[in-house]
Each structure stands twice: as structure tokens, then as C-alpha cells.
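Structure record follows, encoded as C-alpha cells.
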Amino acid sequence: MRTHITGGTRRWTGWILLLLLAAPAAGAHARQAEDALPSLKIATLELPTQDDAQWQQRRDQVLQLLESMQPDVIAVQRVQQNQGRNPACWLATRLRYSCDFVTADPPSQPLRHGSAMLTRLPVTDDAVTLLHPPGQFSAAGMLRVKLREELVNIYIARLRPEPDDAQIRRHQTGDLMTWIGATSDGLPSLIAGDFSADIGELVGSTPGFQPARKNPGERVDPPSLAGAARGHGLDVLFQVKHFGGIRQDSIKLPASEGDPNAMRLGTMATLRLQTPESTSAP
């Protein structure tokens, strides 16, 4: 028996064929749109001090590792600057990045404590504030960088007060969030830091931000903190409404003949900016 295809059936068949043909094209367009969004690689790490024998022996290897990973921004915690020199800015000079040293110590003080922000991106603005109660590493910094045509705020903070009292920690975190609210200008913002709070407290005290490191139990702390680190550790917090996480990489040097221990430096987050049309630079 011969089957007759009516006009209505033909129309439905045509629509189904069009939908089947359109689906791959729509998927390709979505992937192209996603690929067009700018991504940002930001490393958070800690280096040995300038006079540390390990730094003298392995700093060229650290430089080569960072050259291969090509972070857009490097946030360095617990930097000690002696007579105007520190390991972070040594790296910046050789990487051809800018280097901003963030400290609460006066310039007249020979040994100064703080953090450093390195970037290969154009910087349009920077700022520093003090988190209370003040301490050796209680200065927080901000860089506003241009990522393609978009402006992004990078904040750096060490939320690991001494003594590490929960009330002091909450006070410093509250100071940081208030400062971000006053200086972000509604632009996408990240916090590169070292956090002694556990993940539950960290997420609760930084509303709108999420840790880039998916597994809070993963050890990414550098040797100087190994065995003594508490809480979440080194990470990047990103605003969920502005960014999506792509990947997370540990930054470490393997054991060598001269140094039998792996040198754990920190972590690098690769994030994608989600809303470029609402954050365009003027």
C-alpha cells in the first residue's frame, strides 16, 4: 500500500528539518559569543623573602614558570621590602609587568611589609586602604585594569589577622567590603587574597563573591605556610554576576636536585567576564 503525504504533513516535516539544521548553527553561535567574551588569568601566590636561600636558588625557575603560565595579574602576599627591593617587583621587572607595592609602613622605614600587585594590562586607577585593626599586612590595595575594552577592579587583601580572632577577622573583612562598595563604581571586581576563615564564613562575609578554588581542601599554600595555614588559604574571589570560572591551576616548582621539596607558590584562576556590554570603558 502506497503512503500519501498530505500538504500538512509536508509542512511539519519541513519545520522539523529546519529545526534540526538550525540547532547546530545556534550552538555554534553560542560558542562563538562565549569565546568572544574576554578571559582573565589571575595568580595569587607567596614568595620566599629576598634573602631566603631558596629564593636565590630558584627565582629564575619561578620566573620561567610564570612566563609559561602567562597570568594577566599576579597578586603576591606577605611581601617584605628591604631598602626599596622585594622579590615581587624583581619578577615584575623581568616579566615586563608593572608592580604596585601596597603597604601601611612609612617610606622612611627600611624594612616594610605589605603585598604587591603585578600586571601586564593597562592600569587606569589604583588605591590603598587600611583594614582595622591595623597590623603588619593590613593594607589592602586595588588596581583598575583594562581587559580588552572592559574595566575590571582587582583588589588584594590578606584577611589573616594576628591574632587570628574571629571578631577581628570579621571586622577586617567588613572594612574591605565597605571599601569595595565605595570604590568599585559598579564594575566587575575580584579579590585576590589569603583567607584564614573557613569557606562557610568566607562566602557569608563576602556577599556576591565566590571562591575560584572549587575544592577548599586542596592544598595550594606555599612552603612558609605549610602545616600552619588555617582556613581557606590563597585564592581569588570573583563576583558571580560578572564572572564565570573556567579553570584553576596550582603554581608550584617540582623538587629539584638542589631542593628535594616541591616549592608551592600558590594558585591561578582563569575567569571569563560575562557581561562586557554593561562594563565598557568610556
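Here the sequence shown stands for residues -30 to -1, 1 to 252, where the numbers follow mature numbering (1 follows the signal peptide of the UniProt record, and there is no 0).
Note that the Cβ used here is the ideal one computed from N, Cα and C, for glycine as well.
Since this is a predicted model, take the numbers as computed values, not measurements.
Buried or exposed (CB count within 10 angstroms, at least 16 for buried), residue i
i: S38; result: exposed
i: Q40; result: exposed
i: Q79; result: exposed
i: A58; result: buried
i: A152; result: exposed
i: R128; result: buried
i: G174; result: exposed
i: E132; result: exposed
i: D42; result: buried
i: P104; result: exposed
i: Q34; result: exposed
i: A136; result: exposed
i: G163; result: buried
i: R64; result: exposed
i: P177; result: exposed
i: P181; result: buried
i: Q26; result: exposed
i: T94; result: exposed
i: M238; result: buried
Cβ shell of residue i (< 8 Å), same chain only, five flanking positions each side left out
i: P193; result: Residue placement at P193 cannot be trusted, given a pLDDT of 46 that sits under 50; what the coordinates show is reported in the next sentence. Counting only Cβ-Cβ distances below 8 Å, and skipping sequence neighbours, we find P18, Q24, N231, M233, R234.
i: A225; result: N231, A232
i: Q20; result: Q50, N52, R55, N56, P57, W60
i: P67; result: Contrary to the premise, residue 67 reads as Tyr rather than Pro in this sequence. Taken in chain order, the residues that qualify are I44, L61, L88, T89, R90.
i: P92; result: V115, K116
i: F107; result: Q47, R48, H83, G84, S85, R128, R130
Contacting residues, own chain, Cβ-Cβ under 7 Å from residue i (five flanking each side not counted)
i: T240; result: S9, K11, I216, R217
i: R118; result: P8
i: G236; result: A13, T14, L15, E16, V190, P192, L204, I221
i: G201; result: F165, S166, A167, D168
i: D70; result: A86, M87, D96, G111, L113
i: Q244; result: L7, H212, F213, G214
i: D145; result: L101, H102
i: residue 268; result: Since the first residue of the chain shown is -30 and the last is 252, residue 268 is not available in this structure.
Spatial neighbours of residue i in its chain, beta-carbon cut-off 6 Å, leaving aside the 5 residues before and after
i: V32; result: none
i: V122; result: V115, P158
i: T73; result: R82, G84, A109
i: D134; result: S166
i: W149; result: T99
i: I138; result: P131
i: R29; result: none
i: residue 281; result: In the structure as shown, the chain starts at -30 and stops at 252, and residue 281 therefore has no counterpart that could be examined.
Residue(s) in a DSSP beta bridge with residue i
i: F107; result: F107 is not bridged to any residue.
i: I44; result: A13, L88
i: V49; result: G84
i: A239; result: I12, Q218
i: G203; result: F165
i: C69; result: L88
i: M39; result: For M39, which the question treats as bridged, DSSP gives no partner whatsoever.
i: A97; result: M112
i: N123; result: R114, S159
i: L223; result: M233
i: residue 253; result: An answer regarding residue 253 cannot be provided, because it is not within the stretch -30 to 252 covered by the chain.
i: R28; result: Per DSSP, none; premise fails for R28.
i: R55; result: N52
Residue i: CB within 7 Å of a non-hydrogen atom of the ligand ZN
i: T94; result: The ligand ZN is not part of this structure, which contains no ligands at all.
* Entirely enclosed alpha helix (DSSP H) segments - the region 127 to 163, minimum 4 residues -> 136 to 153
* Taking one C-beta from the region 50 to 64 and one from the region 155 to 168 each time, how about it: are there three or more such pairs within less than 8 Å? -> no
* Asked: Counting pairs of beta carbons, one from the region 208 to 216 and one from the region 83 to 97, are three or more of them closer than 8 Å?
  -> no
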